[in-house]
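Novice: Protein sequences, first through last, are from chains A and B. Anchor point for the first sequence: position 240 equals 240 in our numbering, and the numbering is continuous, going up by one each time. Anchor point for the second sequence: position 80 equals 80 in our numbering, and the numbering is continuous, going up by one each time.
There are 2 protein chains.
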Amino acid sequence: MSPIRGTTTLIVHLGDPIEPVKAPTVYNPYFEKHGIDAAVVPMGVKAADYPAVLKALFRLTNVRGALVTMPHKVATVALLDGCTTAVTVAQSCNAIVRRPDGTLFGELFDGEGFVRGLRRKGFRFPGASCLIVGAGGVGSAIAVSLAQAGVARIGLHDTNGAAAEGLVARLARHYPHLDVRQSIPDPAGYDLAANATPLGMNGGDPLPLDAARLAPGTFVGEVVMSEALTPLLRAAQDRGCRIQAGADMLYEQVPLYLEFFGFRSATVEELRAISKAG
Amino acid sequence: MSPIRGTTTLIVHLGDPIEPVKAPTVYNPYFEKHGIDAAVVPMGVKAADYPAVLKALFRLTNVRGALVTMPHKVATVALLDGCTTAVTVAQSCNAIVRRPDGTLFGELFDGEGFVRGLRRKGFRFPGASCLIVGAGGVGSAIAVSLAQAGVARIGLHDTNGAAAEGLVARLARHYPHLDVRQSIPDPAGYDLAANATPLGMNGGDPLPLDAARLAPGTFVGEVVMSEALTPLLRAAQDRGCRIQAGADMLYEQVPLYLEFFGFRSATVEELRAISKAG
Numbered sequence: 001m002s003p004i005r006g007t008t009t010l011i012v013h014l015g016d017p018i019e020p021v022k023a024p025t026v027y028n029p030y031f032e033k034h035g036i037d038a039a040v041v042p043m044g045v046k047a048a049d050y051p052a053v054l055k056a057l058f059r060l061t062n063v064r065g066a067l068v069t070m071p072h073k074v075a076t077v078a079l080l081d082g083c084t085t086a087v088t089v090a091q092s093c094n095a096i097v098r099r100p101d102g103t104l105f106g107e108l109f110d111g112e113g114f115v116r117g118l119r120r121k122g123f124r125f126p127g128a129s130c131l132i133v134g135a136g137g138v139g140s141a142i143a144v145s146l147a148q149a150g151v152a153r154i155g156l157h158d159t160n161g162a163a164a165e166g167l168v169a170r171l172a173r174h175y176p177h178l179d180v181r182q183s184i185p186d187p188a189g190y191d192l193a194a195n196a197t198p199l200g201m202n203g204g205d206p207l208p209l210d211a212a213r214l215a216p217g218t219f220v221g222e223v224v225m226s227e228a229l230t231p232l233l234r235a236a237q238d239r240g241c242r243i244q245a246g247a248d249m250l251y252e253q254v255p256l257y258l259e260f261f262g263f264r265s266a267t268v269e270e271l272r273a274i275s276k277a278g
Numbered sequence: 001m002s003p004i005r006g007t008t009t010l011i012v013h014l015g016d017p018i019e020p021v022k023a024p025t026v027y028n029p030y031f032e033k034h035g036i037d038a039a040v041v042p043m044g045v046k047a048a049d050y051p052a053v054l055k056a057l058f059r060l061t062n063v064r065g066a067l068v069t070m071p072h073k074v075a076t077v078a079l080l081d082g083c084t085t086a087v088t089v090a091q092s093c094n095a096i097v098r099r100p101d102g103t104l105f106g107e108l109f110d111g112e113g114f115v116r117g118l119r120r121k122g123f124r125f126p127g128a129s130c131l132i133v134g135a136g137g138v139g140s141a142i143a144v145s146l147a148q149a150g151v152a153r154i155g156l157h158d159t160n161g162a163a164a165e166g167l168v169a170r171l172a173r174h175y176p177h178l179d180v181r182q183s184i185p186d187p188a189g190y191d192l193a194a195n196a197t198p199l200g201m202n203g204g205d206p207l208p209l210d211a212a213r214l215a216p217g218t219f220v221g222e223v224v225m226s227e228a229l230t231p232l233l234r235a236a237q238d239r240g241c242r243i244q245a246g247a248d249m250l251y252e253q254v255p256l257y258l259e260f261f262g263f264r265s266a267t268v269e270e271l272r273a274i275s276k277a278g
């Protein structure tokens with residue numbers, strides 16, 4: 001990567017645990033290739049420390065923005081001065097930029113990355129029916145982006161019934177034509193089934209949904225990135241489903257982030273090539 | 001430099017303005033050469049924000065230490081849980097490490113870097129008489145290290161008489177055999193004259209001391225690093241004096257910092273070679 005200097009603009013990357021994050025291996029080689037004096041710097045922050053740390057980091061003169069990952073996406077919402085509708089509905093935020101007046105503005109690109117990836121793979125959103133398992137930050141983000149992309153029906157499952165219920169209510173309020181309700185984790189009858197839980201990160205995790213009920217016409221999307229093909233994606237492939245891996249969602253978000261932070265943007269193809277070369 | 005990853009140990013480098021700092025160009029190539037997964041990351045911090053920011057940064061799980069530069073070296077002292085005698089006497093701190101119990105321990109390497117550089121150039125400390133112009137953080141650090149190296153006499157000059165007076169008192173208390181007093185900025189009769197003011201950073205600055213009174217036997221040391229040869233050093237060379245540049249003081253400190261932060265240490269020669277190659 002380019003050398004970090006006193007002049008380097010920092011994008012802090014906040015999460016806990018921070019060790020597994022992959023974003024620096026995408027952004028930093030991109031900055032280097034284009035001679036952009038900027039760096040994504042991962043920082044581990046415990047949940048209890050997050051509000052004070054976030055505030056302090058944005059007092060730094062050379063911090064322009066933040067990438068936010070687990071477990072801070074939900075807590076971020078209350079710390080913003082302004083945000084997009086996606087943040088409001090999903091009650092989750094994964095990108096923060098400091099505006100010229102010093103205030104913090106939040107965006108949420110998880111869902112948009114997920115939807116862009118599916119669109120690139122030929123999935124047609126208008127009128128589609130979608131199962132989302134997991135109503136946390138990333139599940140909420142995917143739900144909002146699916147709603148904005150024009151799907152007809154969303155079924156939501158979460159072992160935390162209150163989380164699912166709250167998200168159903170917010171979606172129903174913002175997207176009155178959407179048929180949105182809680183669902184069991186059964187993908188039968190859905191055009192799309194998305195895992196938005198952490199299940200699959202650890203060996204021995206149960207599958208997030210009943211894979212035996214996957215029909216070949218159902219598209220299966222995944223948010224877990226610990227391996228290219230999670231057990232869910234392997235099961236889906238075995239049943240003839242088209243799939244989207246967690247890393248795809250990440251790559252699709254990068255051009256959006258770059259633009260959000262005010263950097264020269266890139267195509268997903270360029271970003272993949274740079275990342276592989278590095 | 002090595003890619004920054006989620007596993008990378010961070011040493012934050014705090015100052016204002018942060019743009020001119022040079023330390024990352026020394027440390028980061030060193031870490032890369034030796035496969036040490038660590039990075040020095042410069043961060044600009046305004047003085048008013050410094051106490052809260054410092055506390056917050058050390059809450060980050062992957063921050064191991066801090067390099068502190070202007071204008072925060074003095075303010076740091078009150079924020080430490082423990083420190084060396086050099087920090088206490090100089091009332092200045094330029095290195096912080098988080099101990100295993102989470103407390104912050106401070107050191108001060110400016111003076112030691114200055115003294116090590118002079119020793120390498122053959123200057124003999126025992127019994128020497130030394131003029132220091134500037135009784136701020138770095139001047140105080142140099143005074144302490146000269147006292148510890150066994151000089152007999154220190155004359156201190158600062159346009160802020162109270163600063164000079166306080167430092168004289170602290171030195172006298174800790175080093176009872178040292179002849180230490182306030183002085184005019186006249187190097188005549190001194191074995192060593194050190195500029196520890198910012199004079200020389202900006203074109204048009206007056207010289208920090210009366211160079212016409214420099215004798216060829218007087219060693220002249222400089223803390224300003226904006227150029228290899230400051231106007232003071234050029235004047236000293238013209239008068240036949242041996243000199244030490246500000247960058248020398250920086251390089252001499254690096255092995256001390258590396259050891260302090262718990263990294264594999266290096267020789268000054270290796271560090272210079274790596275830095276030039278990068």
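We put the CB at the ideal spot given by N, CA and C, even for glycine.
To be precise: take each residue of the region 44-61 of chain A, compare its Cβ to all Cβ atoms of chain B, and keep it if any distance is under 8 angstroms. Which residues remain?
Specialist: GLY44, VAL45, LYS46, ASP49, ALA52, VAL53, LYS55, ALA56, LEU57, ARG59, LEU60, THR61
Novice: Just how far apart, CA to CA, sit B:LEU131 and B:ALA236?
Specialist: 14 angstroms
Novice: From B:ILE154, B:THR7, B:ALA193, B:ASP186, pick the residue whose C-alpha is nearest to that of B:VAL180; which is it?
Specialist: Closest option to B:VAL180, Cα to Cα, is B:ILE154.
Novice: Using the beta-carbon of each residue, which ones in chain B are nearer than 8 angstroms to A:ARG64?
Specialist: The premise fails here: A:ARG64 is roughly 12 angstroms from chain B at the closest Cβ pair, so nothing lies under 8 angstroms.
Novice: Should A:ILE18 be listed as close to the ligand ZN, given that the test is whether its C-beta is under 7 angstroms from any heavy atom?
Specialist: The model on display carries no ligand, and the ligand ZN is accordingly not part of it.
Novice: If we ignore side chains and look at the alpha-carbon of each, how far apart do A:LEU108 and A:VAL21 end up?
Specialist: Roughly 17 angstroms separates the two Cα atoms.
Novice: For the putative contact between B:ALA147 and B:LEU178, defined by C-beta atoms under 8 angstroms, what is the C-beta separation to the nearest angstrom?
Specialist: Contact between B:ALA147 and B:LEU178 holds: their C-beta atoms lie close to 5 angstroms from each other, under 8 angstroms.
Novice: What's the C-alpha gap between A:GLY203 and A:ALA228?
Specialist: 14 angstroms
Novice: Under 8 angstroms, Cβ to Cβ, is there at least one residue of chain A near B:ASN94?
Specialist: No, B:ASN94 lies away from the interface with chain A (no Cβ there is under 8 angstroms from its Cβ).
Novice: By the three-class DSSP mapping on this structure, what secondary structure does A:ILE4 have?
Specialist: coil
Novice: Give me the subset of the region 221-232 of chain B whose CB atoms are less than 9 angstroms from a CB atom of chain A, sorted by chain position.
Specialist: none
Novice: How do the region 49-58 of chain A and the region 23-36 of chain A stand: do at least 3 beta-carbon pairs fall below 8 angstroms, yes or no?
Specialist: no
Novice: Work out the CA separation of B:ALA78 and B:THR197 for me, nearest whole Å.
Specialist: 23 angstroms
Novice: Can you give the Cα-Cα distance for A:LEU167 and A:THR159, rounded to whole angstroms?
Specialist: 13 angstroms
Novice: To which residues of the same chain is A:ASP110 closer than 6 angstroms at the C-beta, ignoring the five residues directly before and after it?
Specialist: ASN94, VAL138, ALA141
Novice: Go through its chain and collect everything with a Cβ distance to B:VAL223's Cβ below 7 angstroms, but skip five positions before and after it.
Specialist: VAL138, ASN195, ALA196, GLY246, MET249
Novice: With 16 other CB atoms within 10 Å as the buried threshold, where does A:PRO176 fall?
Specialist: A:PRO176 sits exposed, since fewer than 16 C-beta atoms from the chains shown fall within 10 Å of its C-beta.
Novice: Please state if the CB of A:ARG64 and the CB of A:ILE4 are separated by a distance shorter than 8 angstroms.
Specialist: no
Novice: Is there a Cβ from chain A that is less than 8 angstroms from the Cβ of B:VAL21?
Specialist: Interface residue, yes.
Novice: Check whether the Cβ atoms of A:ASP81 and A:LEU104 sit closer than 8 angstroms, and answer yes or no.
Specialist: yes
Novice: Taking the alpha carbon of B:MET225 as the reference point, which residue from B:LEU199, B:TYR257, B:ALA188 has its own alpha carbon closest?
Specialist: B:LEU199
Novice: Excluding five sequence neighbours on each side, which residues of the same chain lie with their C-beta closer than 7 angstroms to the C-beta of B:PHE260?
Specialist: ALA95, VAL97, GLU107
Novice: Can you check whether the C-beta of B:THR84 is within less than 8 angstroms of a C-beta belonging to chain A?
Specialist: It does not: the Cβ of B:THR84 has no partner Cβ on chain A nearer than 8 angstroms.
Novice: Would you tell me roughly how many angstroms separate the C-alpha atoms of A:ILE184 and A:LEU156, rounded to the nearest one?
Specialist: 8 angstroms
Novice: Please decide whether B:VAL144 counts as near chain A, where near means a Cβ-Cβ distance under 8 angstroms.
Specialist: no
Novice: So, does the CB of B:THR267 fall closer than 8 angstroms to a CB anywhere in chain A?
Specialist: no
Novice: Just curious, the beta strand (DSSP E) that B:LEU171 is in, first and last residue?
Specialist: Unbroken run through B:LEU171 is the alpha helix (DSSP H), 161-174; no beta strand (DSSP E).
Novice: What's the C-alpha gap between A:LEU232 and A:ALA211?
Specialist: Straight-line Cα distance between these residues: approximately 7 angstroms.
Novice: Using beta carbons (cut-off 8 angstroms, strictly below), is B:ASP16 in contact with chain A?
Specialist: yes
Novice: Would you kindly work out how many angstroms separate the C-alpha atoms of A:GLN253 and B:MET70, rounded to a whole number?
Specialist: C-alpha of A:GLN253 to C-alpha of B:MET70: approximately 38 angstroms in a straight line.
Novice: For the alpha helix (DSSP H) containing A:THR85, list its first residue and its last residue.
Specialist: 85-90
Novice: Going by other Cβ atoms of all chains shown within 10 Å of its Cβ, with 16 needed for buried, is B:PRO216 buried or exposed?
Specialist: It is exposed - the Cβ of B:PRO216 has fewer than 16 other Cβ atoms within 10 Å.
Novice: Near B:PHE219, what residues of its chain come up, given a Cβ to Cβ distance below 8 angstroms and the 5 sequence neighbours on each side ignored?
Specialist: Contacts found: LEU118, LYS121, PHE123, ASP191, LEU192, ALA193, CYS241, ARG242, ILE243, GLN244.
Novice: Return the residue from the list A:ASP16, A:PHE31, A:GLU165, A:PHE114 that minimises the CA-CA distance to A:HIS72.
Specialist: A:ASP16
Novice: With which residues is A:ARG116 paired in a DSSP beta bridge?
Specialist: Partner(s): none; A:ARG116 has no beta bridge.
Novice: Note down the Cα distance separating B:LYS46 from A:ALA169, rounded to an integer number of angstroms.
Specialist: 44 angstroms
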